[in-house]
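Residue numbers (this note's numbering), protein chains in the order written: chain Y, 178 to 635; chain F, 2 to 175.
The structure appears below as structure tokens.
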């Protein structure tokens, strides 16, 4: 059978190229950057790393500045009391949802192609959720007291206010972060064993061996491992949905126009999946190119991921339409006035840009040729990330700038610190991700082997 | 000390066939060492059913109950606080924290139980000393069966493993 016959004629979608269709080839592809560092060009990595370190330093300077001078250095005012800090928080936590989506939901739905991308999607989740967790803390007026969120016996004899959305946030993020770390590590155990067994230097064998916990691929162990993995996936889905619902409740638990809709929790969950998936697509394109993973990450992957983004764009478009419809149908003055302000107010150009990025542009993905063009899907994914960030900032700006009392209507003018904190957090994310790709196998080798075994047999 | 025969296969179907043959001929399967889970072989092993899920359920419910109980105790007894006339025991609002913590509790319990059932971490294992077994985590499939007592029987077992496509069969003390 020729190569064309495999790729074009077989009705089954193929997710590996012939070059990656052997176990040895997969191990080689994934472990070479970890074990044969000298034989690998790291020039691009170093350039990116230097840039990310620079941005991380800017991020640290911003945090120090906020801690010493207070949150007044941002463009906050008495009406718009939330700004980039909360928008960044919601955006990052949204990105932090997609790893679990890919690992859990796609695992339960037996979407086997996820094997090639789930590892770095999970890493992305960890880093994004960790960065998201920083924002509510730096946004506190008195960040040194953030530990008051935890229930600990204290001399004030008070306990946290369990009815508060901030407390829910704290526990939801904490649980999610620890859960994600555990899920990620469990997925890594067999791959650490592979790295251990391929390592040539004593030190590498020692470190990866300890991380692998002595995994030996025993069928009895695999049995327990699979049960644990699927059970964790089943738990991951409700956890990830609850996490972003809680973020939605931060808004919906208030009584501001535009925020009081019962639609907010599901709307936030869909938005999170959407932006997270777009980030996964962007990172997939970069990791695939940087680590020459073309044999295991193919155009077919981008095709299916693009379909998910397309579906999410339709749901998010429907959510916007529901918001407009409810404002009109509900008939409340403040709600209607808010929707009018969204389209005609000071932020209207941003609102139109958001609608274009999130709803209009992704419709190109209806065409197969577009879905299979990695560069186009990558550009669209970046546009969606920008659009989703705009959505998060506009949810805050529009409502707070245009509340119930017209005398309180004010606009938000971002300062240099707003921008630097945002860009700095992105740099910190890139920094963490670059460290990850250098130390940990970026692709789940045992799952790709399974996929390959299936594709060879077909 | 009992001995086992360790057969090495290059392909997963070889392993599956050998496992079937071995069972048909009455040999006892001890274990298999594979780079990814092979369901049909796992099902053939006489392993006890795993109780990971039972423990996860128990651990999750316990942690969630503790969180809810803690909230109830602090909000109703230890520091009753009238927040806008809401009931002291605002249980619907109290559910969110136990839910998140409960899932985390279930995950941690599951991982601990997984370590208990697999006996990991165990950084060294006699099998690691056998040459070639490092490929069990890479690209080779190993089947371990109990070595028959007599020399003749043993040779027959080796032949049947080779017949199924074993690249190599080693005799190892287990």
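Quick reminder that beta carbons are idealized off the backbone N, C-alpha and C, glycines included.
Given the structure is predicted, the values throughout are model-derived calculations rather than measurements.
Those residues which DSSP pairs with residue i across a bridge
{"i": "residue 7/F", "result": "145/F and 171/F"}
{"i": "residue 33/F", "result": "144/F"}
{"i": "residue 395/Y", "result": "34/F"}
Supposed close pair residue i, residue j - CB separation, criterion 8 Å
{"i": "residue 36/F", "j": "residue 138/F", "result": "6 Å"}
{"i": "residue 575/Y", "j": "residue 519/Y", "result": "5 Å"}
{"i": "residue 41/F", "j": "residue 17/F", "result": "5 Å"}
{"i": "residue 607/Y", "j": "residue 229/Y", "result": "4 Å"}
{"i": "residue 307/Y", "j": "residue 354/Y", "result": "6 Å"}
{"i": "residue 279/Y", "j": "residue 626/Y", "result": "Residue 279/Y to residue 626/Y, Cβ: 18 Å. No contact."}
{"i": "residue 13/F", "j": "residue 142/F", "result": "6 Å"}
{"i": "residue 455/Y", "j": "residue 562/Y", "result": "5 Å"}
Straight-line Cα distance separating residue j from residue i
{"i": "residue 312/Y", "j": "residue 406/Y", "result": "31 Å"}
{"i": "residue 158/F", "j": "residue 168/F", "result": "14 Å"}
{"i": "residue 49/F", "j": "residue 357/Y", "result": "29 Å"}
{"i": "residue 194/Y", "j": "residue 298/Y", "result": "21 Å"}
{"i": "residue 579/Y", "j": "residue 516/Y", "result": "10 Å"}
{"i": "residue 409/Y", "j": "residue 349/Y", "result": "17 Å"}
{"i": "residue 4/F", "j": "residue 197/Y", "result": "38 Å"}
{"i": "residue 218/Y", "j": "residue 46/F", "result": "46 Å"}
{"i": "residue 493/Y", "j": "residue 200/Y", "result": "40 Å"}
{"i": "residue 382/Y", "j": "residue 388/Y", "result": "10 Å"}
{"i": "residue 342/Y", "j": "residue 146/F", "result": "58 Å"}
{"i": "residue 90/F", "j": "residue 55/F", "result": "31 Å"}
{"i": "residue 590/Y", "j": "residue 443/Y", "result": "30 Å"}
{"i": "residue 113/F", "j": "residue 401/Y", "result": "12 Å"}
{"i": "residue 23/F", "j": "residue 153/F", "result": "16 Å"}
{"i": "residue 1/F", "j": "residue 412/Y", "result": "Lying outside 2 to 175, the shown extent of chain F, residue 1/F is not represented and no answer is given."}
{"i": "residue 632/Y", "j": "residue 472/Y", "result": "13 Å"}
{"i": "residue 191/Y", "j": "residue 329/Y", "result": "54 Å"}
{"i": "residue 180/Y", "j": "residue 283/Y", "result": "With a pLDDT of 41 at residue 180/Y, under the threshold of 50, the predicted position of this residue should be treated as unreliable, though the coordinate-derived value follows. C-alpha separation (whole angstroms): 28 Å."}
{"i": "residue 577/Y", "j": "residue 241/Y", "result": "27 Å"}
{"i": "residue 546/Y", "j": "residue 629/Y", "result": "25 Å"}
{"i": "residue 271/Y", "j": "residue 73/F", "result": "31 Å"}
{"i": "residue 248/Y", "j": "residue 237/Y", "result": "15 Å"}
{"i": "residue 373/Y", "j": "residue 223/Y", "result": "25 Å"}
{"i": "residue 584/Y", "j": "residue 254/Y", "result": "14 Å"}
{"i": "residue 445/Y", "j": "residue 206/Y", "result": "37 Å"}
{"i": "residue 320/Y", "j": "residue 93/F", "result": "29 Å"}
{"i": "residue 636/Y", "j": "residue 468/Y", "result": "The shown model of chain Y, from 178 to 635, leaves out residue 636/Y, and the question about it has no answer."}
{"i": "residue 539/Y", "j": "residue 303/Y", "result": "27 Å"}
{"i": "residue 296/Y", "j": "residue 77/F", "result": "44 Å"}
{"i": "residue 61/F", "j": "residue 364/Y", "result": "21 Å"}
{"i": "residue 611/Y", "j": "residue 391/Y", "result": "27 Å"}
Identity of the residue in the options nearest residue i by Cα
{"i": "residue 226/Y", "options": "605/Y, 632/Y, 629/Y and 617/Y", "result": "605/Y"}
{"i": "residue 127/F", "options": "340/Y, 395/Y, 246/Y and 279/Y", "result": "395/Y"}
{"i": "residue 111/F", "options": "23/F, 41/F, 59/F and 166/F", "result": "59/F"}
{"i": "residue 419/Y", "options": "274/Y, 385/Y, 258/Y and 514/Y", "result": "274/Y"}
{"i": "residue 136/F", "options": "601/Y, 376/Y and 569/Y", "result": "376/Y"}
{"i": "residue 288/Y", "options": "548/Y, 512/Y and 481/Y", "result": "481/Y"}
{"i": "residue 370/Y", "options": "163/F, 123/F, 115/F and 21/F", "result": "123/F"}
{"i": "residue 441/Y", "options": "466/Y, 414/Y, 472/Y and 495/Y", "result": "495/Y"}
{"i": "residue 309/Y", "options": "261/Y, 326/Y and 400/Y", "result": "261/Y"}
{"i": "residue 475/Y", "options": "548/Y, 498/Y and 374/Y", "result": "548/Y"}
{"i": "residue 594/Y", "options": "216/Y, 206/Y, 244/Y and 203/Y", "result": "244/Y"}
{"i": "residue 15/F", "options": "166/F, 172/F and 160/F", "result": "166/F"}
{"i": "residue 489/Y", "options": "465/Y, 447/Y and 497/Y", "result": "447/Y"}
{"i": "residue 565/Y", "options": "542/Y, 552/Y, 584/Y and 534/Y", "result": "534/Y"}
{"i": "residue 433/Y", "options": "513/Y, 403/Y and 302/Y", "result": "513/Y"}
{"i": "residue 362/Y", "options": "385/Y, 336/Y and 346/Y", "result": "385/Y"}
{"i": "residue 346/Y", "options": "416/Y, 507/Y and 501/Y", "result": "416/Y"}
Counting Cβ pairs closer than 8 Å, one from the region 288-296 of chain Y and one from the region 619-630 of chain Y, do we hit at least three? yes
If you pair each beta-carbon of the region 450-462 of chain Y with each one of the region 550-564 of chain Y, do three or more pairs fall below 8 Å? yes
Taking contact to mean 3 or more Cβ pairs, one atom from each stretch, closer than 8 Å, check whether the region 308-324 of chain Y and the region 258-268 of chain Y are in contact. yes
Does the structure place the region 423-441 of chain Y close enough to the region 521-532 of chain Y that three or more beta carbon pairs sit under 8 Å? no
Three or more C-beta pairs under 8 Å: does that hold for the region 21-35 of chain F against the region 386-403 of chain Y? yes
Taking three-plus beta-carbon pairs below 8 Å as touching, is the region 476-492 of chain Y in contact with the region 438-458 of chain Y? yes
For the region 60-76 of chain F against the region 96-106 of chain F, are there 3 or more C-beta pairs whose distance is under 8 Å? yes
Three or more beta-carbon pairs under 8 Å between the region 325-342 of chain Y and the region 73-86 of chain F, yes or no? yes
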